[in-house]
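Trainee: In the working numbering, the protein residues as written are 5 to 419. Here a beta-carbon is modelled for each residue, glycine too, at the ideal position from N, C-alpha and C. It should be emphasised that the depicted structure is a prediction, and the values quoted were computed from it without experimental measurement. Just passing along the structure, written as structure tokens.
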Ligand code: GLA
């Protein structure tokens, strides 16, 4: 379907019925024999509420139709062995040697999740004897679509089913524990200071719904998000443009924004910056504390206004008024670009071109400095948006973007 839309366009296809068989073949070729089962977890996109999860704000992520698949078999000798169809080298090592920075690279997300689940007592005190794991990712890597949380949660649900009391359904305490374990894997083993939104949506997502996540109270509300696929003549489509731009400085800049939020929160003496509703009052509080750094003020303004936009967007979704989201998406992008300084030429080119071609709203998503944008478009305008975005990148000599259609999909679980 999407392949015929515009000649030469690269689409990331939605989940493929052949993926479980593919990951099983990879497992057998790598380790011999059969896996105990196949599990999967989705990538995600965040509709709005960007860079506020670690500030206790509100975000509205939903699961993508692209998933990461894991074929898993328990071991009894304490070894972890992981292999991937997409990522570099296989890795193996003792489960009890997992520590900060070890293993490095993509294996850290898997080994770190096993380590954190075990440390939380969620795998049974004496039962966890290691695993063989083969993974196959449909979620584009490095695109800001949370391929790392998909890895963590695909393995995590498998481990809960094999060694713990089962992964249960979205909302279950076991899944809460898995989301926390995924964050620990990233923060403490992969040494990436991410905030928690990605793991929460991977374990709690519901098909056809967008999740309103209050990152201060951890309250979750599932809201309807009716979108049309690319072939629809009418309706609204959410196009994701993967700029394929290399992430630049993403870890250090992310850590810098988090540090700014923590500093402002401490100076203001509030429980969470994202729960505040007045920028002026926050700025006055900073001035009273002797802090007049204009950059810090901008960071604070982003967090407070972005959380307000996410709250407003949630109200529109609850009233089934998706078509009115455009101005909020545009304002989110402006704030991320100007106040949070996270954009780059590839993201700017894609957002500008999408708007020029008639998108109702468009913004960068995820960590920033590369990765993806989303554009909300009337379904009949999808070809024009895709054509314009590609042409703009080519004209500026930027990397060729690729595309996917976001439709709210289901949470991690056993296949
Ligand atoms: C990354 C992090 C998330 C979140 C987003 C920005 O994806 O993993 O926790 O902070 O950036 O919203």
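Report yes or no: do the segment 104-116 and the segment 22-31 share at least 3 C-beta pairs separated by less than 8 angstroms?
Mentor: Short answer: they don't touch.
Trainee: Hey, which unbroken runs of the alpha helix (DSSP H) at 4 residues or more fall wholly within the segment 174-232?
Mentor: Runs of the alpha helix (DSSP H) inside the segment 174-232: 177-188, 201-208.
Trainee: Can you tell me which of the three DSSP states residue 308 falls into?
Mentor: Position 304 of the chain shown, counting from 1, holds the residue named residue 308. Residue 308 falls in the helix class under three-state DSSP.
Trainee: How many angstroms separate the CA atom of residue 39 from the CA atom of residue 171?
Mentor: Mapped onto the chain shown, residue 39 falls at position 35. Mapped onto the chain shown, residue 171 falls at position 167. The alpha-carbon atoms of residue 39 and residue 171 are separated by roughly 18 angstroms.
Trainee: Determine the DSSP secondary structure at residue 140, reduced to helix, strand or coil.
Mentor: Numbered from 1 along the chain shown, position 136 holds the residue referred to as residue 140. Strand.
Trainee: Hey, out of 116, 142, 85, 98, whose CA is closest to residue 47's CA?
Mentor: As a working mapping, residue 47 is identified with position 43 in the chain shown. Nearest C-alpha to residue 47: 142.
Trainee: Taking only runs that begin and end inside the segment 338-384, name each unbroken beta strand (DSSP E) of 3 or more residues, in chain order.
Mentor: If we require 3 residues or more, the beta strand (DSSP E) runs fully inside the segment 338-384 come out as 365-369, 376-382.
Trainee: What's the C-alpha gap between residue 377 and residue 249?
Mentor: Along the chain shown, read from residue 1 onward, the residue named residue 377 stands at position 373. Along the chain shown, read from residue 1 onward, the residue named residue 249 stands at position 245. So the two alpha carbons sit approximately 11 angstroms from each other.
Trainee: Have a look at the DSSP bridge pairing and note the partners of residue 41.
Mentor: Counted from its first residue, the chain shown places residue 41 at position 37. According to DSSP, residue 41 bridges with 76.
Trainee: Leaving out five residues before and five after residue 347 in sequence, what residues of the same chain have Cβ atoms less than 7 angstroms from its Cβ?
Mentor: The residue labelled residue 347 in the question sits at position 343 within the chain shown. Excluding positions up to five away in sequence, the list reads 340, 341, 368, 372.
Trainee: Taking the alpha-carbon positions, what's the residue 343 to residue 254 distance?
Mentor: Position 339 of the chain shown, counted from the first residue, corresponds to residue 343. Position 250 of the chain shown, counted from the first residue, corresponds to residue 254. Approximately 16 angstroms, taken between the alpha carbons.
Trainee: So, with DSSP's three-state summary, where would you put residue 7?
Mentor: Position 3 of the chain shown, counted from the first residue, corresponds to residue 7. Residue placement at residue 7 is flagged as unreliable, the pLDDT there being 41, under the threshold of 50; the coordinate-derived value follows with that caveat. In the structure shown, residue 7 sits in a helix (DSSP, three-state: H, G or I).
Trainee: Looking at residue 202 and ligand 1, is the gap between the Cβ and the nearest heavy atom below 8 angstroms?
Mentor: Along the chain shown, one-based indexing puts residue 202 at 198. Yes, ligand 1 has a heavy atom inside 8 angstroms of this Cβ.
Trainee: Considering only residues of the same chain and omitting the five flanking positions on each side of residue 7, which have a CB-CB separation below 7 angstroms?
Mentor: Translated into positions along the chain shown, residue 7 becomes position 3. Note that residue 7 scores a pLDDT of 41, beneath 50, so its modelled location is shaky; the value from the coordinates is reported in the next line. 15.
Trainee: Pick out whichever of 72, 416, 83, 22 has its Cα sitting closest to the Cα of residue 90.
Mentor: On the chain shown, residue 90 is found 86 positions in, with the first residue counted as 1. Measuring from the Cα of residue 90, the nearest candidate turns out to be 72.
Trainee: Closer than 8 angstroms: is that where the CB of residue 50 sits relative to any heavy atom of ligand 1?
Mentor: Sequence index remark: in the chain shown, residue 50 carries index 46 (1-based). At least one heavy atom of ligand 1 is nearer than 8 angstroms to the Cβ of residue 50, so yes.
Trainee: Say the cut is 8 angstroms; is the CB of residue 63 nearer than that to a heavy atom of ligand 1?
Mentor: Start at 1 with the first residue of the chain shown, and residue 63 comes out as number 59. True, at least one ligand heavy atom lies under 8 angstroms from that Cβ.
Trainee: Taking the straight line between their C-alpha atoms, what separation do you get for residue 197 and residue 382?
Mentor: Walking along the chain shown from the start, residue 197 turns up at place 193. Walking along the chain shown from the start, residue 382 turns up at place 378. Approximately 36 angstroms, taken between the alpha carbons.
Trainee: Can you give me the C-alpha to C-alpha distance between residue 163 and residue 118, rounded to a whole angstrom?
Mentor: As a working note, residue 163 is residue 159 in the chain shown. As a working note, residue 118 is residue 114 in the chain shown. Those two C-alpha atoms are separated by around 7 angstroms.
Trainee: Rounded to a whole number of angstroms, what is the C-alpha to C-alpha distance between residue 412 and residue 69?
Mentor: As a first step, residue 412 must be located in the chain shown, where it is residue number 408. As a first step, residue 69 must be located in the chain shown, where it is residue number 65. Going by the C-alpha atoms only, they are around 7 angstroms apart.
Trainee: Expressed to the nearest angstrom, what Euclidean distance is found between the alpha-carbon atoms of residue 165 and residue 186?
Mentor: Here residue 165 corresponds to residue number 161 of the chain shown, with the count starting at 1. Here residue 186 corresponds to residue number 182 of the chain shown, with the count starting at 1. C-alpha separation (whole angstroms): 16 angstroms.
Trainee: By Cβ distance below 6 angstroms, which residues in the same chain neighbour residue 45 in space, the five residues on each side in sequence not counted?
Mentor: Here residue 45 corresponds to residue number 41 of the chain shown, with the count starting at 1. Once the five neighbours on either side are set aside, the close Cβ partners of residue 45 are 72, 154, 157, 158, 206, 416.
Trainee: Determine, using beta carbons only, whether residue 67 and residue 24 come nearer to each other than 9 angstroms.
Mentor: The sequence position of residue 67 within the chain shown is 63, counting from 1. The sequence position of residue 24 within the chain shown is 20, counting from 1. Cβ atoms of residue 67 and residue 24: not closer than 9 angstroms.
Trainee: Report, in whole angstroms, the separation of the C-beta atoms of residue 398 and residue 243, which I expect to be a contact under 8 angstroms.
Mentor: In the chain shown, counting from the first residue as 1, residue 398 sits at position 394. In the chain shown, counting from the first residue as 1, residue 243 sits at position 239. Incorrect: roughly 18 angstroms between the Cβ atoms, too far for contact.
Trainee: Which residues mark the beginning and the end of the alpha helix (DSSP H) in which residue 30 is found?
Mentor: On the chain shown, position 26 is the one that residue 30 refers to. Unbroken alpha helix (DSSP H) run through residue 30: 23-35.
Trainee: Span of the alpha helix (DSSP H) holding residue 407?
Mentor: Within the chain shown, the letter at position 403 stands for residue 407. Here residue 407 belongs to no alpha helix (DSSP H); instead the beta strand (DSSP E) covers 406-410.
Trainee: Where do the N-terminal and C-terminal ends of the alpha helix (DSSP H) with residue 152 fall, by residue?
Mentor: Position 148 of the chain shown, counting from 1, holds the residue named residue 152. Element bounds for residue 152: 151-167.
Trainee: Determine the closest residue to residue 345 out of 364, 305, 160, 322, with distance taken between C-alpha atoms.
Mentor: If you number the chain shown from 1, residue 345 lands on position 341. Taking only the C-alpha atoms, the option nearest residue 345 is 305.
Trainee: Leaving aside the five residues before and after residue 259 along the sequence, list all residues of the same chain whose C-beta is less than 6 angstroms from its C-beta, in chain order.
Mentor: Mapped onto the chain shown, residue 259 falls at position 255. Cβ neighbours of residue 259 beyond the five flanking positions: 197.
Trainee: With 16 other CB atoms within 10 Å as the buried threshold, where does residue 87 fall?
Mentor: The residue labelled residue 87 in the question sits at position 83 within the chain shown. Burial call: buried.
Trainee: Name the residue from 217, 175, 161, 81 whose alpha carbon lies nearest to the alpha carbon of residue 134.
Mentor: Stepping through the chain shown from its first residue, residue 134 is reached at position 130. Residue 134 has its Cα closest to that of 81, out of 217, 175, 161, 81.
Trainee: Let me make sure I understand the geometry here. Which of 192, 195, 194, 226 has the alpha-carbon closest to that of residue 204?
Mentor: Looking up residue 204 in the chain shown gives position 200. It is 226.
Trainee: For residue 289, report the span of its alpha helix (DSSP H) as first-last.
Mentor: Taking the first residue of the chain shown as 1, we reach residue 289 at position 285. Looking at the DSSP string, the run of the alpha helix (DSSP H) that includes residue 289 is 283-292.
Trainee: With residue 117 as the anchor, note down where its beta strand (DSSP E) starts and where it stops.
Mentor: Within the chain shown, numbered from 1, the residue matching residue 117 stands at position 113. Not the beta strand (DSSP E): residue 117 falls in the alpha helix (DSSP H), residues 111-123.
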